[in-house]
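First to last, the protein sequences are chains U and B.
So the first sequence is residues 3 to 423, counted in the working numbering.
So the second sequence is residues 3 to 141, counted in the working numbering.
Quick reminder that beta carbons are idealized off the backbone N, C-alpha and C, glycines included.
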Amino acid sequence: MAVADAHRAIEAVWRIESARLIAGLARIVRDVGLAEELAQDALVAALERWPESGVPNKPGAWLMATAKHGAIDRLRRGKLLERKQEELGRELEIQGKIARPDLDAAIDDEVGDDLLSLVFTTCHPVLSTEARVALTLRLLGGLKTAEISRAFLVSEATVAQRIVRAKRTLAESRVPFEVPSGDELSERLASVLEVVYLVFNEGYSATAGDDWMRPALCEDALRLGRILAELAPGEPEVHGLVALIEIQASRLRARSGPAGEPVLLLDQDRARWDRLLINRGLAALERAEALGGALGPYALQAAIAACHARAHAPQDTDWQRIAALYDALAQLAGSPVVELNRAVALGMAFGPAAGLELVDALVADGSLEGYHLLPSVRGDLLAKRGRSDEARDELERAAGLTRNARERELLLERARACASM
Amino acid sequence: MRFMVLVKADENSEAGVMPSEQALAGMQKYNEELVKAGVMLAGEGLHPSSKGARVRFSGDERTVVDGPFTEAKELIAGFWLWQVKSREEAIEWLRRAPFGGGSELELRQVFEAEDFGDEFTPELREQEERLRAQTEQQQ
């Protein structure tokens with residue numbers, strides 16, 4: 003095998019095996035950072051040997067065996083103990099675990115538990131959001147530091163540092179490598195879901211499409227979400243999140259026009275929506291609802307997205323249902339932005355006066371001051387009420403507030419349309 | 003990127019012989035692995051070509067030919083649709099598929115809008131969209 007081919011094949015094996023490998027090692031050595039080092043050493047050994055020997059039939063088992071040998075080597079040289087500064091009993095415990103026949107690794111449940119423990123560790127609230135994202139993408143997504151840095155438009159050194167610090171924080175805080183239980187579970191799960199959704203949105207909101215790495219983040223988030231849904235199939239909000247991002251991703255190719263300009267939801271060519279992802283999203287939403295999770299914050303947002311996905315044309319949209327769902331969302335996780343969305347839905351469902359009432363309350367409240375979508379929504383509602391002069395002023399105000407040049411053009415165009423009404 | 007894996011038919015699949023329990027169990031385990039890894043988007047097995055048909059186009063003429071079709075190696079017995087990071091990753095997954103001797107799987111990358119590049123002019127795009135919209139309405 004040519005070396006370049008072998009390296010690409012090894013990279014593929016790494017992408018498939020690395021999370022399971024690191025998770026299995028972390029269970030043994032109880033230190034995610036050390037587990038990754040051991041896994042990396044095994045990868046280096048593969049890069050040295052596989053180009054000549056070929057990729058073994060069970061590459062995952064090969065990497066695990068090599069990493070375990072590495073762990074024993076380190077133990078013998080005392081490095082592990084120096085690092086951990088812990089009692090001798092620990093060495094025996096670890097050696098015992100390593101010496102155990104590899105049968106346990108073949109039991110899927112245990113592999114699942116290891117992976118789940120890894121997710122909960124890399125998304126631990128003790129870490130900053132940025133650190134959680136970087137560590138999760140690296141250890142679970144199998145992304146290289148360079149890939150993460152390109153996706154998040156920060157330097158490679160910054161990402162590398164974030165990861166090093168995150169591992170140190172986990173070790174210093176003695177975060178246990180386990181799946182949390184009881185009351186802690188829902189809070190910790192929320193932290194995991196937040197990371198996945200953040201990764202997705204980072205890709206989804208990337209309007210500068212020159213670099214394919216950013217939209218690829220949507221795929222990475224989808225993959226993480228789908229993996230999570232299988233690891234924790236009984237958690238409705240996991241399916242709610244998966245439903246939400248599958249349905250949002252279904253619109254990716256319809257969200258920008260030929261010149262890269264943004265296309266708003268109601269103006270999108272629905273024929274370009276990805277039916278496969280919509281169906282997957284609707285199925286995930288059903289799973290969430292069947293588990294009694296219809297009123298979770300992600301499931302509610304997914305249900306709203308599903309209303310749009312089910313409408314074959316904008317005029318088929320069930321705005322009354324959307325308004326009701328926003329009402330539920332506002333009660334559960336209310337925020338001025340949710341209220342603004344609810345105002346749009348109310349305006350569509352019950353006429354502009356209903357929406358305008360809520361928007362005026364938001365204006366009086368002042369918490370969305372400087373947010374361009376507030377005057378934008380108000381301008382639209384005013385225009386529908388026939389108050390075109392006020393509408394134009396609001397749309398121009400919105401144009402002055404947005405930082406996106408293409409959006410500004412769109413708003414000014416709508417303002418001009420009001421003037422000629 | 004997405005790949006479609008085409009599972010080629012053989013004499014057994016064409017004769018409608020169901021796979022052994024062991025083979026089915028192996029396949030189920032493999033499918034589970036793919037789902038757990040977040041790779042599997044869709045996948046189905048197909049009935050023998052005796053239940054299928056072909057439509058041949060010649061000018062304005064359409065001729066319907068009922069199955070079965072003879073050239074088993076050219077026929078498809080099933081497919082998967084996968085989401086992976088690279089062609090190599092898809093190949094690595096393929097290598098793990100539980101098939102016996104004589105089987106052949108084919109890997110094909112799915113076109114995405116950006117693959118069309120400059121060839122895909124706005125006019126063509128619009129036409130394609132109209133077609134898709136019509137298909138959509140018929141569903």
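Can you check whether the C-beta of residue i is within less than 8 Å of a C-beta belonging to chain U?
i	result
residue 53/B	no
residue 142/B	Nothing about residue 142/B can be reported from this structure: the residues present for chain B run from 3 to 141 only.
residue 105/B	no
residue 75/B	no
residue 80/B	no
residue 87/B	yes
residue 108/B	no
residue 6/B	no
residue 99/B	no
residue 38/B	yes
Taking only three categories from DSSP, how would you classify residue i?
i	result
residue 10/B	strand
residue 391/U	helix
residue 323/U	helix
residue 24/B	helix
residue 82/B	strand
residue 55/U	helix
residue 264/U	strand
residue 19/U	helix
residue 109/B	strand
residue 433/U	Look at the range of chain U in this structure, 3 to 423, and you will see that residue 433/U is not part of it.
residue 130/U	coil
residue 122/U	helix
residue 422/U	coil
residue 109/U	Confidence in residue 109/U is poor, its pLDDT being 46 and thus under 50, which makes the residue's placement unreliable; the coordinate value appears in the next sentence. Three-state DSSP puts residue 109/U in coil, outside helix and strand.
residue 98/B	coil
residue 151/U	helix
residue 257/U	coil
residue 90/U	Because residue 90/U sits at a pLDDT of 49, beneath the cut-off of 50, its placement in the model cannot be relied upon, and the following sentence gives the value as read from the coordinates. Helix.
residue 405/U	coil
Would residue i count as contacting chain B if we go by Cβ distances under 8 Å?
i	result
residue 156/U	no
residue 1/U	In this structure chain U extends from 3 to 423, so residue 1/U is not present and cannot be described.
residue 24/U	no
residue 229/U	yes
residue 418/U	no
residue 225/U	yes
residue 10/U	yes
residue 18/U	yes
residue 191/U	no
residue 204/U	no
residue 50/U	no
residue 118/U	no
residue 232/U	yes
residue 288/U	no
residue 278/U	yes
With 16 as the cutoff for other CB atoms within 10 Å, does residue i come out buried or exposed?
i	result
residue 264/U	exposed
residue 66/U	buried
residue 343/U	buried
residue 113/U	buried
residue 398/U	buried
residue 126/U	buried
residue 350/U	buried
residue 60/U	exposed
residue 418/U	exposed
residue 440/U	Limits of chain U in this structure are 3 at one end and 423 at the other, which puts residue 440/U out of reach.
residue 336/U	exposed
residue 151/U	buried
residue 374/U	buried
residue 113/B	exposed
Three-pair Cβ contact test at 8 Å for the segment 400-410 of chain U versus the segment 65-85 of chain B: Touching, no.
Segment contact, 8 Å Cβ cut-off, at least three pairs: the segment 6-14 of chain B with the segment 78-96 of chain B: In the pairwise beta carbon analysis, the segment 6-14 of chain B is classified as touching the segment 78-96 of chain B: at least three pairs are separated by under 8 Å.
Contact the segment 221-228 of chain U vs the segment 178-186 of chain U: 3+ CB pairs below 8 Å: They do not touch, by the three-pair rule.
Contact the segment 232-251 of chain U vs the segment 297-306 of chain U: 3+ CB pairs below 8 Å: A contact is defined here as three or more CB-CB pairs under 8 Å, and the segment 232-251 of chain U meets this definition with respect to the segment 297-306 of chain U.
Runs of alpha helix (DSSP H) lying entirely within the segment 155-196 of chain U, each at least 4 residues, in chain order: Those alpha helix (DSSP H) runs which fall completely within the segment 155-196 of chain U and span 4+ residues are 158-174.
Runs of beta strand (DSSP E) lying entirely within the segment 29-71 of chain B, each at least 3 residues, in chain order: As far as the segment 29-71 of chain B is concerned, its whole beta strand (DSSP E) runs of at least 3 residues are 42-47, 55-60 and 63-68.
The segment 39-51 of chain U touching the segment 61-75 of chain U, judged by at least three CB pairs closer than 8 Å: With a cut-off of 8 Å, the segment 61-75 of chain U and the segment 39-51 of chain U count as touching, because enough Cβ pairs lie within range.
The segment 33-44 of chain B in contact with the segment 380-387 of chain U per 3-pair CB rule at 8 Å: The segment 33-44 of chain B is not in contact with the segment 380-387 of chain U.
Inter-stretch contact at 8 Å, needing at least 3 Cβ pairs: the segment 135-143 of chain U / the segment 163-182 of chain U: Contact holds: three or more Cβ-Cβ distances are below 8 Å.
Validate contact between the segment 10-23 of chain U and the segment 114-126 of chain U using beta carbons, cut 8 Å, 3 pairs: By the criterion of at least three beta-carbon pairs nearer than 8 Å, the segment 10-23 of chain U is in contact with the segment 114-126 of chain U.
Any 3 or more C-beta pairs closer than 8 Å across the segment 310-320 of chain U and the segment 289-302 of chain U: Output reads no: the segment 289-302 of chain U does not touch the segment 310-320 of chain U.
Touching by the beta-carbon criterion (3+ pairs, under 8 Å), the segment 48-59 of chain B and the segment 87-97 of chain B: No, the segment 48-59 of chain B is not in contact with the segment 87-97 of chain B.
The segment 319-339 of chain U / the segment 273-281 of chain U touching (three or more Cβ pairs under 8 Å): As far as the Cβ criterion goes, the segment 319-339 of chain U does not touch the segment 273-281 of chain U, which means the pair count is below three.
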